[in-house]
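J.:
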Ligand SMILES: C[S@@+](CC[C@H](N)C(=O)[O-])C[C@H]1O[C@@H](n2cnc3c(N)ncnc32)[C@H](O)[C@@H]1O
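In my numbering, the protein residues as written are 855 to 1268.
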């Protein structure tokens, strides 16, 4: 019976070939393959969103749940890991926006998906140099991964996370940055707010599940699903299309969209709405930074392993899965909440507006060796060059309804 359901659904779907991403050998049978194969045999093909969620955050086999995935020995490197300048300038941004609100109450600095905690540490080190902020700020981290939470605790609190503490109530722990408290939470609603908030999300939204849609010759969108592969397929899974537009197509893909492929992350929409509601209720601001576009890109779903881009069906659970963030979709989700948004603007424009050249000169003047000088210059180039991360990464801000004035970093350079 279970087998019949799977095969019936399979024959009624249409096979899709990913353009330019074919692999020559069958990918390895990673631990999550059997779990997913079994599920697909029972329920039929799953959405790309389900595939992505399982591969990244399955409690035992999910990519983020098991190991440190960053740096030269990992699969990718992020801006805060490249240079301290990145987190320092984001810290300055937080102070500037806080001052622009002329507030003197408490500020909850909240970070979604903090990875190793490097960005939070660089921001806190900078913020704690401003005496008027130090006493008013607390740090709140939201991450799904026990491994990442342990790394964040070690970096920010200077010691190992006590065993099983993730399951206890989210009591604040003293950070190594003066009197600033840190706590971990499962959702924004769990944070007991006693003042305004600043939400930061860097390379978080691109890890959230997307639905993929592909246009047929008749001009209708069909949803791309993930099915168990046939023996001759290069991987253990393959992409198929729903035979007709399903409920997700009707909800998320506009038939007037001229693109052939559309990717939508409903969860990202829900999370930015939660952020906006919190900002409207308590006051504050948010900065979202990610690979992204303004509703123009098509087929961006991909995987990263050992710093190489791969077919997302290869090495499930052992490779990072990501899709560019659609900022036009986020703006669309935010419209009913009347918040003030700015951007997306490119990373190079934001960092230059925030004074990265001044910080660069200061670091260069402290460099003791030629190697240090070269490293500082090369990290500046990686962050700002349009051929590296300068144009691909985008900054997008959210302020409460009624807020006026451009946020720091969002002005055009004179
Ligand atoms: C690509 S890493 C970015 C890390 C960090 N922000 C940086 O730039 O170095 C994604 C982070 O988001 C977390 N994450 C992924 N999916 C998540 C989810 N659904 N809910 C909460 N955190 C998630 C991961 O554990 C990881 O810490």
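Glycine included, every Cβ here is placed at the ideal spot set by N, Cα and C.
Tell me whether residue 1155, by its Cβ, gets closer than 7 Å to a heavy atom of ligand 1.
T.: For the purposes of this step, residue 1155 is taken as the residue at position 301 of the chain shown. Not so, every heavy atom of ligand 1 lies at least 7 Å from the Cβ.
J.: Between residue 894 and the rest of its own chain, which residues show a CB-CB distance below 7 Å, the 5 nearest in sequence each way excluded?
T.: Here residue 894 corresponds to residue number 40 of the chain shown, with the count starting at 1. Closer than 7 Å at the Cβ level, and outside the excluded window around residue 894, lie 860, 900, 1081 and 1082.
J.: Where do the N-terminal and C-terminal ends of the alpha helix (DSSP H) with residue 892 fall, by residue?
T.: On the chain shown, position 38 is the one that residue 892 refers to. Note, residue 892: alpha helix (DSSP H), 885-897.
J.: Does ligand 1 have a heavy atom nearer than 7 Å to the CB of residue 968?
T.: Position 114 of the chain shown holds residue 968. At least one heavy atom of ligand 1 is nearer than 7 Å to the Cβ of residue 968, so yes.
J.: Consult DSSP for residue 1253 and reduce its assignment to one of helix, strand or coil.
T.: Residue mapping note: residue 1253 aligns to position 399 of the chain shown, counting from 1. Strand at residue 1253.
J.: Taking only three categories from DSSP, how would you classify residue 1096?
T.: Indexing the chain shown from 1 puts residue 1096 at position 242. Three-state DSSP puts residue 1096 in coil, outside helix and strand.
J.: Considering only the beta carbon of each residue, do residue 1054 and residue 1121 sit closer than 8 Å?
T.: Here residue 1054 refers to the residue found at position 200 when the chain shown is read from its first residue. Here residue 1121 refers to the residue found at position 267 when the chain shown is read from its first residue. Against a cut-off of 8 Å, the Cβ pair of residue 1121 and residue 1054 comes out as no contact.
J.: Suppose the cutoff is 7 Å on Cβ atoms and the five residues either side in sequence are ignored; what does the same chain contact list for residue 1070 look like?
T.: Counting from 1 along the chain shown, the entry for residue 1070 is found at position 216. Taken in chain order, the residues that qualify are 1076.
J.: Exposed or buried, which one is residue 1212 when buried takes at least 16 other CB atoms within 10 Å?
T.: Working through the chain shown from its first residue, we reach residue 1212 at position 358. Result: exposed.
J.: Look up residue 1241 in the DSSP assignment and say whether it is helix, strand or coil.
T.: Here residue 1241 refers to the residue found at position 387 of the chain shown. Note: residue 1241 maps to coil in three-state DSSP.
J.: Thinking just about the alpha-carbon of each residue, which of 1002, 1191 and 1200 is nearest to the one in residue 1146?
T.: In the chain shown, counting from the first residue as 1, residue 1146 sits at position 292. Nearest option by C-alpha distance: 1200.
J.: Could you check if residue 1004 belongs to the surroundings of ligand 1, using beta carbon to heavy atom distance under 7 Å?
T.: Against the chain shown, residue 1004 aligns to sequence position 150. Answer for residue 1004: no, Cβ out of range of ligand 1.
J.: Residue 1072: which of 924, 1114, 1050 and 1091 sits nearest, CA to CA?
T.: Residue mapping note: residue 1072 aligns to position 218 of the chain shown, counting from 1. Minimum Cα distance to residue 1072 is reached at 1114.
J.: Straight-line CA distance for residue 1167 to residue 979?
T.: Along the chain shown, one-based indexing puts residue 1167 at 313. Along the chain shown, one-based indexing puts residue 979 at 125. Distance between the alpha carbons of residue 1167 and residue 979: 40 Å.
J.: Between residue 918 and ligand 1, is the CB less than 7 Å from at least one heavy atom?
T.: Against the chain shown, residue 918 aligns to sequence position 64. Under cutoff, so the answer is yes.
J.: Verify the contact flag: residue 997, CB atom, against every heavy atom of ligand 1, threshold strictly below 7 Å.
T.: As a first step, residue 997 is located in the chain shown; it is residue number 143 there, counting from the start. Indeed, a heavy atom of ligand 1 lies less than 7 Å from the Cβ.
J.: Tell me which residues share the same chain as residue 876 and place their Cβ nearer than 6 Å to its Cβ, disregarding the 5 neighbours each side in the sequence.
T.: The sequence position of residue 876 within the chain shown is 22, counting from 1. With a pLDDT of 49 at residue 876, under the threshold of 50, the modelled position of this residue cannot be trusted, and the question is left open.
J.: Which value, in whole angstroms, describes the spacing of the CA atoms of residue 1148 and residue 1180?
T.: Taking the chain shown and counting its residues from 1, one reaches residue 1148 at position 294. Taking the chain shown and counting its residues from 1, one reaches residue 1180 at position 326. The straight-line gap from Cα to Cα measures roughly 6 Å.
J.: Which one or two residues does DSSP pair with residue 1211 in a beta bridge?
T.: Within the chain shown, numbered from 1, the residue matching residue 1211 stands at position 357. Answer is none; residue 1211 lacks a bridge partner.
J.: Considering only residues of the region 1161-1235, which uninterrupted beta strand (DSSP E) runs meet the minimum length of 3 residues and lie entirely inside it, listed in chain order?
T.: Those beta strand (DSSP E) runs which fall completely within the region 1161-1235 and span 3+ residues are 1162-1164, 1174-1176 and 1194-1200.
J.: Run through the region 978-1056 for me and flag every whole beta strand (DSSP E) of 3 or more residues, listed as ranges in chain order.
T.: Entirely contained in the region 978-1056, the beta strand (DSSP E) runs reaching 3 residues are, in chain order, 991-996, 1035-1039 and 1049-1056.
J.: DSSP puts residue 1143 in a beta bridge; with which residues?
T.: Here residue 1143 refers to the residue found at position 289 when the chain shown is read from its first residue. DSSP lists 1056 and 1249 as partners of residue 1143.
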